[in-house]
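Enquirer: In my numbering, the protein residues as written are 663 to 820.
The beta carbon of each residue, even a glycine, is placed where N, CA and C say it ideally should be.
Every value quoted in this text rests on a predicted model; they were computed, and no experiment measured them.
Before I ask anything, here is the structure I am working with.
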Amino acid sequence: MSDQDLKTIIVLTDFSSCARNAAEYSLVLAGKFQANLLLFHSYFIPVSTFDNWPDTDYPALRENSLSKLKREAERLNQLTAASENVYQPKIECLVEGGSLADNITNLITERENILMVVMGGYRARNNDDFQYGTVISDILGNARCPAVIVPEFAFLTD
């Protein structure tokens, strides 16, 4: 079976501890489904003059995000190498600017081999959680594949 025949699990990250927990769980899923991983980060790009951030250097933001994704991929590769799992997924990194929900919807539409989307879930803390909940709802409503929301706190996996 070639890499192109293998299914891919999209792992969303914002580089938080919750996202790292979800990425670790995606390793377990990758082993069970013999799937590769796509670490994905989406950064905000304003679409109106009200959102305009004139001092933002988007190429630098993209490169910084890609650098963080590569470090996370290396961390996950080290975890896999140190584990007793026989299967070691190929880990790809992708950064896109714009709406997370739109980017994920487009990615799932463009790539035929997407098995699922994995993301961390935060416990509600304040009013900022409304936007995160809206993003999750958008992804769940638009994705043509299963979406797994991993709890914020660490848990044991087999």
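Hey, residue 777 and residue 685 are a contact pair by Cβ (cut 8 Å); roughly how many whole angstroms apart?
Expert: The residue you call residue 777 lines up with position 115 of the sequence shown. The residue you call residue 685 lines up with position 23 of the sequence shown. Rounded, the Cβ-Cβ distance is 15 Å, inconsistent with contact.
Enquirer: Can you round the beta-carbon distance between residue 780 and residue 812 to whole angstroms, since I take them to be within the 8 Å contact cut?
Expert: For the purposes of this step, residue 780 is taken as residue 118 along the sequence shown, with counting starting at 1. For the purposes of this step, residue 812 is taken as residue 150 along the sequence shown, with counting starting at 1. With 8 Å as the limit, residue 780 and residue 812 qualify as a contact, their Cβ atoms being about 6 Å apart.
Enquirer: Kindly indicate the opening and closing residues of the alpha helix (DSSP H) around residue 690.
Expert: Reading the sequence shown from its first residue, position 28 is the one you call residue 690. Counting along the chain, the alpha helix (DSSP H) containing residue 690 begins and ends at 679-695.
Enquirer: Roughly how far, in whole angstroms, is the beta-carbon of residue 734 from the beta-carbon of residue 675, given that I think they are within contact range, below 8 Å?
Expert: Position 72 of the sequence shown holds residue 734. Position 13 of the sequence shown holds residue 675. Confirmed, Cβ separation roughly 6 Å.
Enquirer: Buried or exposed for residue 875, please, with buried defined as at least 16 other CB atoms from any protein chain shown within 10 angstroms of its CB.
Expert: Nothing about residue 875 can be read from this structure; the chain reaches only from 663 to 820.
Enquirer: Where does residue 751 land, buried or exposed, given buried means 16+ other C-beta within 10 angstroms?
Expert: Mapped onto the sequence shown, residue 751 falls at position 89. Result: buried.
Enquirer: Taking the C-alpha atoms as reference points, what is the distance between residue 703 and residue 731?
Expert: In the sequence shown, counting from the first residue as 1, residue 703 sits at position 41. In the sequence shown, counting from the first residue as 1, residue 731 sits at position 69. Cα to Cα, residue 703 sits roughly 8 Å from residue 731.
Enquirer: Run the CB neighbour count on residue 769, radius 10 Å, all protein chains shown included, and call it buried at 16 or more, exposed below.
Expert: Here residue 769 refers to the residue found at position 107 when the sequence shown is read from its first residue. The residue in question, residue 769, is buried, as its Cβ has 16 or more Cβ neighbours within 10 Å.
Enquirer: Excluding five sequence neighbours on each side, which residues of the same chain lie with their C-beta closer than 7 Å to the C-beta of residue 808?
Expert: Counting from 1 along the sequence shown, the entry for residue 808 is found at position 146. Around residue 808: 778.
Enquirer: Apply the 10 Å Cβ neighbour rule to residue 743 and answer buried if 16 or more other Cβ atoms are within range, or exposed otherwise.
Expert: Here the question's residue 743 lines up with position 81 in the sequence shown. It is exposed - the Cβ of residue 743 has fewer than 16 other Cβ atoms within 10 Å.
Enquirer: Using C-beta distances below 6 Å, list every residue in its chain close to residue 723, excluding the 5 sequence neighbours before and after it, in chain order.
Expert: The sequence position of residue 723 within the sequence shown is 61, counting from 1. Closer than 6 Å at Cβ, skipping near neighbours: 705.
Enquirer: Between residue 741 and the rest of its own chain, which residues show a CB-CB distance below 8 Å, the 5 nearest in sequence each way excluded?
Expert: Within the sequence shown, residue 741 is the residue found at index 79, counting from 1. Excluding positions up to five away in sequence, the list reads 686, 689.
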